[in-house]
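Below is one structure, written out as structure tokens; comments come after it.
Structure (structure tokens):
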């Protein structure tokens, strides 16, 4: 069993109502309960009407969705967490009071965890007074990139702090944030959780318009979904989310178990992004592999890479893979300094292409040899055939012959002399 952090799942707002009552889902959650921190669910409570993906849900649908999720919480024992991450909602006292009023019925129904976007609201202290025991989390959109950023949010009263995805490839900064967590616990006696995204495989780690993308979806809710809002960013095409395809420079978890363990020792929670579509079963498979799996590769992560990186030590570009593993521990996605990720993508693609060509050539050679043996055997008469003048019969085993018609012996006396 691998030592691992806990995991934060998510279900999309389109998650079917009957799926919340699926016995197999409830059973899997119960099996992995000690490894699951919570399940994030989209909520609509005033003044929040959209989330970071720009999805709008009518109030009645939102109410049914969260109540269905709370029913799953009761059946599985896994905490459900309401998500409110629109950073463009003004952090005013009036909006805070409006939010507290709308959250009260959900709290009464059993909701004990939320994500909110405003540190200022935490300073008011109203949420903590009105909802004792409520676990309050930050949003990744606030981009925590230093130990001081972490400390400020912990001091404001947050129970869980999402770090920026750039930190996943900056081991020094991650170690400093971990040190700040330990110091905060020693000073105040409170353990504030460090959380990191599992990844966004379709995005560049050094994406130049990551913040603008979410700004667009939250300020243009008519975009509706992530996929439709992507069309806004298809020009110029070299910056398009839809056209980006280099997983080696994407902000996702390391596919190697040893490398993952180094990060896992410094964080408490891995958060999955599952709200655009239902990835629940896939994420549960990943948790299974991380917790109970063996071998050097974490399969569900490695399958995103070309060739799944299995047996890469036998590749001609193995040294480049090792160099990439070492560099990405500390590069911080400062991609201006090198093109290692792009060189590696080219090298691995070429390796797989050559292997495919070689495999095709071997198959052709085997086919030719098989054809040659078969045709040669058909053209050479067997001893029995030569003596009897027989011919092969279709469907008979090789070598089985049908005797030809016998010649009738003519007595010597009747033969005509020439």
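Residue numbers (my numbering): 97 to 514.
Cβ coordinates follow ideal geometry from the N, Cα and C atoms, glycine included.
Please classify residue i: does DSSP put it in a helix, a strand, or coil?
i: residue 403; result: helix
i: residue 141; result: coil
i: residue 173; result: coil
i: residue 230; result: coil
i: residue 118; result: coil
i: residue 106; result: strand
i: residue 488; result: With a pLDDT of 43 at residue 488, under the threshold of 50, the predicted position of this residue should be treated as unreliable, and no value is reported.
i: residue 136; result: strand
i: residue 158; result: helix
i: residue 426; result: coil
i: residue 211; result: strand
i: residue 441; result: helix
i: residue 125; result: helix
i: residue 221; result: coil
i: residue 149; result: coil
Leaving out five residues before and five after residue i in sequence, what residues of the same chain have Cβ atoms less than 8 Å from its Cβ?
i: residue 381; result: 396
i: residue 281; result: 287 and 288
Once the 5 residues before and after residue i are set aside, which same chain residues still bring their CB inside 6 Å of it?
i: residue 113; result: 164
i: residue 302; result: 429 and 431
i: residue 411; result: 447
i: residue 213; result: 181, 183 and 235
i: residue 100; result: 360, 386 and 387
Look at the alpha carbon of residue i and the alpha carbon of residue j, and state the distance between them as a whole number of angstroms.
i: residue 131; j: residue 210; result: 19 Å
i: residue 218; j: residue 252; result: 6 Å
i: residue 467; j: residue 459; result: 12 Å
i: residue 159; j: residue 105; result: 20 Å
i: residue 291; j: residue 258; result: 5 Å
i: residue 262; j: residue 461; result: 49 Å
i: residue 451; j: residue 444; result: 10 Å
i: residue 437; j: residue 344; result: 5 Å
i: residue 379; j: residue 161; result: 20 Å
i: residue 383; j: residue 133; result: 12 Å
i: residue 174; j: residue 456; result: 50 Å
i: residue 102; j: residue 464; result: 55 Å
i: residue 147; j: residue 441; result: 34 Å
The ligand GTP and residue i: does any heavy atom of the ligand fall closer than 6 Å to the residue's C-beta?
i: residue 177; result: By its list of ligands, the structure shown contains no ligand whatsoever, and the ligand GTP lies outside what it can speak to.
Quick one: what's got a C-beta closer than 7 Å to residue i's C-beta in the same chain, skipping five residues either side?
i: residue 191; result: 143 and 185
i: residue 187; result: 214, 216 and 217
contact_flag[the region 157–170, the region 218–229] where n(CB pairs < 8 Å) is 3 or more = no
Could you name each continuous alpha helix (DSSP H) segment of 4 residues or more that falls completely within the region 345–414, going from the start of the chain to the end?
-> 353–360, 376–388 and 395–398, all fully within the region 345–414.
Check whether the region 190–205 touches the region 140–160, counting contact only when three or more Cβ pairs, one atom from each stretch, lie closer than 8 Å.
-> yes
At what residue ranges does the region 233–313 contain a whole run of the alpha helix (DSSP H), taking only runs of 4 or more?
-> 243–252 and 267–284
Do the region 106–126 and the region 397–408 touch if we need at least three Cβ pairs shorter than 8 Å?
-> no
With a cut-off of 8 Å, do at least 3 Cβ pairs link the region 268–281 to the region 351–366?
-> Contact between the region 268–281 and the region 351–366 is present: 3 or more CB-CB pairs across the two stretches fall below 8 Å.
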